[in-house]
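*Asks:* Here the sequence shown is numbered in my numbering, starting from 20 and rising by one per residue.
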Amino acid sequence: MKCLVLYYSRTGHARHLANDLGESLGADVEEIRCDRYHARFVGAFRALHDAVRGRSPAIAPLRRNPADYDILIVAGPVWASRPAAPVRAALEACVSNARRIAFALTLIGSGGETAVRRMARIARMHPVAALIVTQAELASGRHRRTLSTFCTTLQKTVS
Ligand SMILES: Cc1cc2nc3c(=O)[nH]c(=O)nc-3n(C[C@H](O)[C@H](O)[C@H](O)COP(=O)(O)O)c2cc1C
Numbered sequence: 020m021k022c023l024v025l026y027y028s029r030t031g032h033a034r035h036l037a038n039d040l041g042e043s044l045g046a047d048v049e050e051i052r053c054d055r056y057h058a059r060f061v062g063a064f065r066a067l068h069d070a071v072r073g074r075s076p077a078i079a080p081l082r083r084n085p086a087d088y089d090i091l092i093v094a095g096p097v098w099a100s101r102p103a104a105p106v107r108a109a110l111e112a113c114v115s116n117a118r119r120i121a122f123a124l125t126l127i128g129s130g131g132e133t134a135v136r137r138m139a140r141i142a143r144m145h146p147v148a149a150l151i152v153t154q155a156e157l158a159s160g161r162h163r164r165t166l167s168t169f170c171t172t173l174q175k176t177v178s
């Protein structure tokens, strides 16, 4: 299975998850680059504002084409029960080239399912699977079990 993980991460948690997925699936991993939210306090405020408004910020051009892969996994943090704004931008930019999609989200506690529904609406495509992981699960390694189930679902879907 040829798999591309596209991820955005502001503070490192979604990067951790994306890299774990890359390792488990032997996937290519590419970051969605956007510097609009880097600043510590202003960045968080902008993030909230843009997520709630449904704003798509400028992102750097993607290097890889999802059309070259069996499946595209779009990963990132949950912002106000929504996908992070750069994730929204990436979905709008490239998902129409994808054969299949799946989502992987990190969050503190709640809003993951709502964010998945919103991502499916933005993508106009149903994900074959969605993985929602809390920061506490990531920190303790407890996410490995759900990650493994998620990867098995993807493999079955493609084979
Ligand atoms: C603007 C903003 C809104 C957030 N909204 C939520 C939320 O609705 N639910 C939640 O559980 N966590 C929320 N979080 C926490 C992030 O989803 C969580 O810290 C995530 O793991 C960060 O990923 P990252 O380190 O890859 O940026 C929010 C964080 C920010 C900055």
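Even for Gly, the Cβ is constructed at its ideal location relative to N, Cα and C.
Going by alpha carbons, who is nearest to residue 36 out of 176, 151, 172?
*Replies:* If you number the sequence shown from 1, residue 36 lands on position 17. Closest by alpha carbon: 151.
*Asks:* Decide if residue 153 is buried, meaning its Cβ has at least 16 other Cβ atoms within 10 Å, or exposed.
*Replies:* Counted from its first residue, the sequence shown places residue 153 at position 134. Flag for residue 153 reads buried.
*Asks:* When the Cα of residue 96 is compared with those of 72, 132, 89, which residue comes out closest?
*Replies:* Position 77 of the sequence shown holds residue 96. When each option's Cα is compared against that of residue 96, the closest is 132.
*Asks:* Mapping DSSP to helix, strand and coil, what is residue 105?
*Replies:* The residue given as residue 105 occupies position 86 in the sequence shown. In the structure shown, residue 105 sits in a helix (DSSP, three-state: H, G or I).
*Asks:* Could you check what DSSP says for residue 30 in three-state terms: helix, strand or coil?
*Replies:* Looking up residue 30 in the sequence shown gives position 11. It is coil, neither helix nor strand.
*Asks:* Suppose contacts are defined by Cβ-Cβ distances below 8 Å. Is residue 107 in contact with residue 75 by that definition?
*Replies:* Taking the sequence shown and counting its residues from 1, one reaches residue 107 at position 88. Taking the sequence shown and counting its residues from 1, one reaches residue 75 at position 56. Yes, the pair counts as a contact, with Cβ atoms nearer than the cut-off.
*Asks:* Does the beta-carbon of residue 115 have 16 or more other beta-carbons within 10 angstroms, so that it is buried, or is it exposed?
*Replies:* Here residue 115 refers to the residue found at position 96 of the sequence shown. With fewer than 16 other Cβ atoms within 10 Å, it is exposed.
*Asks:* Under a Cβ-count criterion, where at least 16 other Cβ atoms within 10 Å of its own Cβ denotes burial, should residue 28 be classed as buried or exposed?
*Replies:* Along the sequence shown, one-based indexing puts residue 28 at 9. Flag for residue 28 reads buried.
*Asks:* Where does residue 95 fall in DSSP's three states?
*Replies:* Taking the sequence shown and counting its residues from 1, one reaches residue 95 at position 76. In the structure shown, residue 95 sits in a strand (DSSP, three-state: E or B).
*Asks:* Under DSSP, the alpha helix (DSSP H) around residue 63 begins and ends at which residues?
*Replies:* Position 44 of the sequence shown, counting from 1, holds the residue named residue 63. That run of the alpha helix (DSSP H) goes 59 to 72.
*Asks:* What are the complete beta strand (DSSP E) segments, minimum 3 residues, inside the segment 113 to 156?
*Replies:* Taking only runs of at least 3 residues, the beta strand (DSSP E) segments lying wholly in the segment 113 to 156 are 120 to 126, 149 to 153.
*Asks:* Please list the terminal residues of the continuous alpha helix (DSSP H) segment that includes residue 166.
*Replies:* Along the sequence shown, read from residue 1 onward, the residue named residue 166 stands at position 147. Element bounds for residue 166: 162 to 177.
*Asks:* Which of the three DSSP states, helix, strand or coil, is assigned to residue 110?
*Replies:* Numbered from its first residue, the sequence shown carries residue 110 at position 91. Reduced to three states, the DSSP call for residue 110 is helix.
*Asks:* Got a sec? Which residues, its chain only, sit under 6 Å from residue 21 by beta carbon, not counting five neighbours each side?
*Replies:* By 1-based counting over the sequence shown, the position of residue 21 is 2. So the list reads 88, 89, once near-sequence residues are dropped.
*Asks:* Any contact of the segment 75 to 84 with the segment 39 to 57, i.e. 3+ C-beta pairs under 8 Å?
*Replies:* Yes, the segment 75 to 84 touches the segment 39 to 57.
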